[in-house]
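Okay, so here's the structure we're looking at.
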Amino acid sequence: MTTKLETLPTPEKKSGGAGKPTNNRKARVRESRGTLAFSRAQRTKALTKHAILILAGGLMIYPLLWMVVSSLRPNELIFRDPGLWLSSLEMSNYTDGWSALTHPFGHYMLNSAIVVIGSILGNLISCSMAAYAFARLQFTGKKLFFGIMLLTIMLPFHVVIVPQYILFSQIGWVNTFWPLLVPKLLATDAFFVFLMVQFIRGIPKDLDEAARIDGAGHPRIFLRVILPLMVPALATTTIFTFIWTWNDFFGALIYLTDPDMFTVPVALRAFVDSQSATSWGSLFAMSIVSLLPVFLVFLFGQRFLIKGIATTGIK
Amino acid sequence: MSAMSELSSISRRKGKITAEEKKANGRDNKAAYIFLLPWLVGLVAITIGPMLMSLYLSFTDYNLLQPPEWTGLENFTRMLTDARLHNSLGVTFTYVFIGVPLQLAVALLIALVLDKGLRGLPFYRSIFYLPSLLGGSVAVAILWKQIFGTTGLVNQVLAMFGIQGPGWISDPSTALGSIILLHVWTFGAPMIIFLAGLRQIPVMYYEAAKVDGASTLQQFWRITLPMLSPIIFFNLVLQIIGSFQSFTQAFIVSGGNGGPSDSTMFFTLYLYQKGFGQFDMGYASAMAWFLLVIIGVFTAINFIASKYWVFYDD
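If you're matching them up, the sequences are chains V and X in order.
Take 4 as the starting number for the first sequence in our numbering and just add one per residue.
Take 18 as the starting number for the second sequence in our numbering and just add one per residue.
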């Protein structure tokens, strides 16, 4: 498990922009154009590739497109029309769906937003602090702790969920957001600690030294030197935390049983359980509303997502 | 680079003291532990504490209301005779051992087509990646429930060809298959890791092979696959660990009961039912530890087997 993975592109070696891969590609394209026009065989090959990719890509996103179109259709068409053609725009699914549950759907979006923002702040603060210690400080037990930290990345959530539930229910935290937030404040998403350690290791130590000579202590070096330089890693953490927390179902299912406190995934689940066969349209509509924030993050944060995955190999 | 490589390099470096550490005999213990404080508290209170607690609970009968009652190995012997649990293991194994290889094969295939400076690569990459971001959501599980329903999208398309499809998710023989398909659909993340890996293979290997007259297929078998094997291994380990813990999709598609006839009763779903449906916390803890052992064993097997097929270029 060593060499190849160690040579994967790391965020610290690149500075902003779309990154190395794209540049490489452009360079290669330029090269092939420069030498000779594409031969016939090469062109056919490229065309075949595009055909395969368009077909496969189309198949991949067809269900999503169809869901969007279906949400704008009268209900009965959802069970009859597999196509994407819209003859009229039916907004009633959205208005019906929005008010189909105990609270308007915005209430659950707001709950989700609170959990998401809290989780992001928690992860950013706690994971970056731990990462600074692991990457820059020498201390007793460092290797042992670092090893434990790496192991916890792979630990299945289920092994701790029962006692965690007991603990949080005894403090009276069931049906509050604390069971979802406190673990983030305590850096239990060790994965991000690892991501940040990797990043900080790529920042030249001379910068710390210079600051130290100027009389800066660790808090100051961390806040003034390291944090500003690790913005890309913080962005990756923010985006992944956003998506994972927004989608998190299991935690919310266990800790949030009061409809007042429902986040979007559990609200949708309540909707799907309560719905009769006639309300698929509004169910689709709210599903799309729930996917929208993730989709927007994907649109604007894609390069951080892709870098984050390529360097650390997470979902 | 990866967590796994870090772990193995730590064990290799054991005993050796780096120059850097020698130099820094003035340790910053105080500062370090302050920076580590949140993580340490989390480790003790949220991870290790609960782990030990659940280990203890796995030897007890506990329903949240009365204090835990020590029952020794009873939970574990009960697991030996619990037919639903055996079934749930079968379902989970099927899901993991069909879903993961299938997903990785598709990921690799698309990554291979996408490599080699194709025009519009960022666009294609986005299209293929999007489902893996959305795939874990309840919304997509709801979509799946419709698509593979009796009058769902799939059967509507089949009907255009005059085929009467089954109710995929209401038929025990196809329900799990549709959830596996959902897993395959989210191949975007491993695909991106493969793409990054493919870029690391030195172009000169292919050039040399071409000079020697190797065919595209030979180049794939002799260069791409061996050079990519560490990445394949890495993806395999991660995906297996993750897939054993799958929950949301089966829960939503089956309406929370793992049906029809327990055909989508994942191990985690059964664990949830025992722990949080029936508040049989002792049994659920035993199941959780069993899951941990299963995942540990398969990860270990993976690492051992990797010696025979993963190629390191050093």
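C-beta: ideal position from N, C-alpha, C; glycine also.
Just so you know, these numbers come straight off a predicted model, no measurement behind them.
So with Cβ pairs under 9 Å, would you call residue 230 of chain X a contact of chain V? Reading the second sequence from its first residue, position 213 is the one you call residue 230 of chain X. No, no contact with chain V.
message = In whole angstroms, give me the CA-to-CA distance for residue 28 of chain V and residue 133 of chain X.
response = Position 25 of the first sequence, counted from the first residue, corresponds to residue 28 of chain V. Position 116 of the second sequence, counted from the first residue, corresponds to residue 133 of chain X. Residue confidence is low: residue 28 of chain V scores 49 on pLDDT, short of 50, so the model does not pin down where it sits. No coordinate-derived value is stated.
Looking at the C-beta of residue 292 of chain X, does it have a partner C-beta in chain V at a distance below 9 Å? Looking up residue 292 of chain X in the second sequence gives position 275. So, interface residue.
request  = Determine the DSSP secondary structure at residue 86 of chain X, reduced to helix, strand or coil.
outcome  = Locating residue 86 of chain X in the second sequence gives position 69, counting from the first residue. Of the three classes helix, strand and coil, the one that applies to residue 86 of chain X here is strand, per DSSP.
Practice item. Name, please, each residue of chain X whose Cβ falls closer than 7 Å to the Cβ of residue 157 of chain V. Key: Here residue 157 of chain V refers to the residue found at position 154 when the first sequence is read from its first residue. By Cβ distance, chain X contributes 258.
request  = Have a look at residue 282 of chain X and residue 272 of chain X and give me their C-alpha separation to the nearest angstrom.
outcome  = Taking the first residue of the second sequence as position 1, residue 282 of chain X is located at position 265. Taking the first residue of the second sequence as position 1, residue 272 of chain X is located at position 255. Spanning the two alpha carbons is a distance of roughly 11 Å.
* By Cβ distance, which residues of its chain are closer than 8 Å to residue 115 of chain X, with the 5 residues on each side in sequence left out? -> The residue given as residue 115 of chain X occupies position 98 in the second sequence. Cβ neighbours of residue 115 of chain X beyond the five flanking positions: 197.
Residue 211 of chain V in three-state terms, based on DSSP: Stepping through the first sequence from its first residue, residue 211 of chain V is reached at position 208. Of the three classes helix, strand and coil, the one that applies to residue 211 of chain V here is helix, per DSSP.
* **Beta carbon of residue 120 of chain X nearer than 9 Å to that of residue 204 of chain X** => Numbered from 1 along the second sequence, position 103 holds the residue referred to as residue 120 of chain X. Numbered from 1 along the second sequence, position 187 holds the residue referred to as residue 204 of chain X. Going by C-beta atoms, residue 120 of chain X is nearer than 9 Å to residue 204 of chain X.
Worksheet entry | Contacting residues, own chain, Cβ-Cβ under 7 Å from residue 159 of chain X (five flanking each side not counted) | Within the second sequence, residue 159 of chain X is the residue found at index 142, counting from 1. Around residue 159 of chain X: 269.
Worksheet entry | Distance, residue 101 of chain X Cα to residue 151 of chain X Cα | Against the second sequence, residue 151 of chain X aligns to sequence position 134. Against the second sequence, residue 101 of chain X aligns to sequence position 84. The alpha-carbon atoms of residue 151 of chain X and residue 101 of chain X are separated by roughly 31 Å.
| C-alpha gap between residue 209 of chain X and residue 93 of chain V, whole angstroms | Mapped onto the second sequence, residue 209 of chain X falls at position 192. Mapped onto the first sequence, residue 93 of chain V falls at position 90. Answer to the nearest angstrom: the Cα atoms are 38 Å apart.
Fill in: Own chain partners of residue 241 of chain V with C-beta closer than 6 Å, once the 5 adjacent residues on each side are dropped
Your numbering for residue 241 of chain V matches position 238 in the first sequence. Answer for residue 241 of chain V: 123, listed in chain order.
**Asked** Which stretch, first to last residue, makes up the alpha helix (DSSP H) that contains residue 276 of chain V?
**Response** Start at 1 with the first residue of the first sequence, and residue 276 of chain V comes out as number 273. Per DSSP, residue 276 of chain V belongs to the alpha helix (DSSP H) from 267-277.
Query raised in the report: Could you give the residue range of the alpha helix (DSSP H) that holds residue 249 of chain V?
Result: Working through the first sequence from its first residue, we reach residue 249 of chain V at position 246. Looking at the DSSP string, the run of the alpha helix (DSSP H) that includes residue 249 of chain V is 234-250.
- Partner residues on chain V for residue 46 of chain X, Cβ-Cβ distance less than 8 Å: Here residue 46 of chain X refers to the residue found at position 29 of the second sequence. Correct list: 142 and 143.
Out of V:313, V:221, V:269 and V:254, state which residue places its alpha-carbon closest to the alpha-carbon of residue 48 of chain X.
To locate residue 48 of chain X, count along the second sequence from 1; it is residue 31. Comparing Cα-Cα distances from residue 48 of chain X to each of V:313, V:221, V:269 and V:254, the minimum goes to V:221.
- Please work out which residues of its chain come closer than 6 Å, Cβ to Cβ, to residue 176 of chain V, disregarding the five sequence neighbours upstream and downstream, and give them in chain order. By one-based count along the first sequence, residue 176 of chain V stands at place 173. Excluding sequence neighbours, residue 176 of chain V sits near 182.
**Study point:** chain X contact residues for residue 166 of chain V, given Cβ-Cβ distances below 9 Å
**Key:** For the purposes of this step, residue 166 of chain V is taken as the residue at position 163 of the first sequence. 66, 67, 68, 69, 70, 71, 73, 74, 298 and 302, listed in chain order.
Provide the residue span of the alpha helix (DSSP H) that contains residue 125 of chain X, from first to last.
Residue 125 of chain X sits at position 108 when you count from the first residue of the second sequence. Here the alpha helix (DSSP H) through residue 125 of chain X covers 100-131.
### Query
To the nearest angstrom, how far is it from the Cα of residue 25 of chain V to the Cα of residue 310 of chain V?
Within the first sequence, the letter at position 22 stands for residue 25 of chain V. Within the first sequence, the letter at position 307 stands for residue 310 of chain V. Only weak support is given to the placement of residue 25 of chain V: the predicted model assigns it a pLDDT of 44, under 50, and the value that follows is read from those uncertain coordinates. Answer to the nearest angstrom: the Cα atoms are 12 Å apart.
Original post:
Is residue 78 of chain X helix, strand or coil when you go by DSSP?
Top reply: The count along the second sequence starts at 1 and reaches residue 78 of chain X at position 61. If DSSP states are grouped into helix, strand and coil, residue 78 of chain X belongs with the strands.
For this session: Would you mind working out which of X:148, X:234 and X:52 sits nearest residue 298 of chain V, comparing C-alpha positions?
Result: The residue you call residue 298 of chain V lines up with position 295 of the first sequence. Considering only alpha carbons, the answer is X:148.
Does the beta-carbon distance from residue 307 of chain X to residue 93 of chain X come in below 9 Å?
If you number the second sequence from 1, residue 307 of chain X lands on position 290. If you number the second sequence from 1, residue 93 of chain X lands on position 76. Going by C-beta atoms, residue 307 of chain X is nearer than 9 Å to residue 93 of chain X.
message = Against chain X, which members of the segment 252-272 of chain V pass a CB distance test of less than 7 Å?
response = 252, 253, 257, 268, 271 and 272
| Looking only at its own chain, which residues have a Cβ that is under 6 Å from the Cβ of residue 301 of chain X, when we skip the five neighbours before and after it? | Counting from 1 along the second sequence, the entry for residue 301 of chain X is found at position 284. Same-chain partners within the cutoff: 288, 291 and 292.
**Request:** Can you tell me which of the three DSSP states residue 262 of chain X falls into?
**Result:** To locate residue 262 of chain X, count along the second sequence from 1; it is residue 245. Looking at residue 262 of chain X - three-state DSSP - the assignment turns out to be coil, as it is neither helix nor strand.
### Query
Any beta-carbon of chain V closer than 9 Å to the one on residue 272 of chain X?
Within the second sequence, numbered from 1, the residue matching residue 272 of chain X stands at position 255. Interface residue, yes.
Worksheet item: Does the count of Cβ pairs from the segment 236-244 of chain X and the segment 174-189 of chain X closer than 8 Å reach three?
Response: no
key: Alpha-carbon to alpha-carbon, residue 257 of chain X and residue 292 of chain V   = Reading the first sequence from its first residue, position 289 is the one you call residue 292 of chain V. Reading the second sequence from its first residue, position 240 is the one you call residue 257 of chain X. About 31 Å.
Under 7 Å between beta-carbons, which chain C residues line up against residue 305 of chain V? List them in chain order, please. Reference to chain C is not applicable here, since the protein chains of this structure are V and X.
| Can we say the segment 143-159 of chain V touches the segment 192-211 of chain V, given the rule of at least three CB pairs closer than 8 Å? | yes
Local Cβ density within 10 Å of residue 38 of chain V, reported as buried at 16 or more and exposed below that
As a first step, residue 38 of chain V must be located in the first sequence, where it is residue number 35. Note that residue 38 of chain V scores 46 on pLDDT, short of 50, meaning its location in the model is unreliable and no value can be drawn from it.
How many angstroms separate the CA atom of residue 70 of chain X from the CA atom of residue 160 of chain V? For the purposes of this step, residue 70 of chain X is taken as residue 53 along the second sequence, with counting starting at 1. For the purposes of this step, residue 160 of chain V is taken as residue 157 along the first sequence, with counting starting at 1. Straight-line Cα distance between these residues: approximately 14 Å.
Going by CA-CA distance only, name the one from X:118, X:96 and X:60 that's closest to residue 250 of chain X.
Indexing the second sequence from 1 puts residue 250 of chain X at position 233. The shortest C-alpha separation from residue 250 of chain X is found at X:118.
For this session: Find out if the Cβ-Cβ distance for the pair residue 270 of chain V, residue 168 of chain V is shorter than 9 Å.
Result: Here residue 270 of chain V refers to the residue found at position 267 when the first sequence is read from its first residue. Here residue 168 of chain V refers to the residue found at position 165 when the first sequence is read from its first residue. Contact: no.
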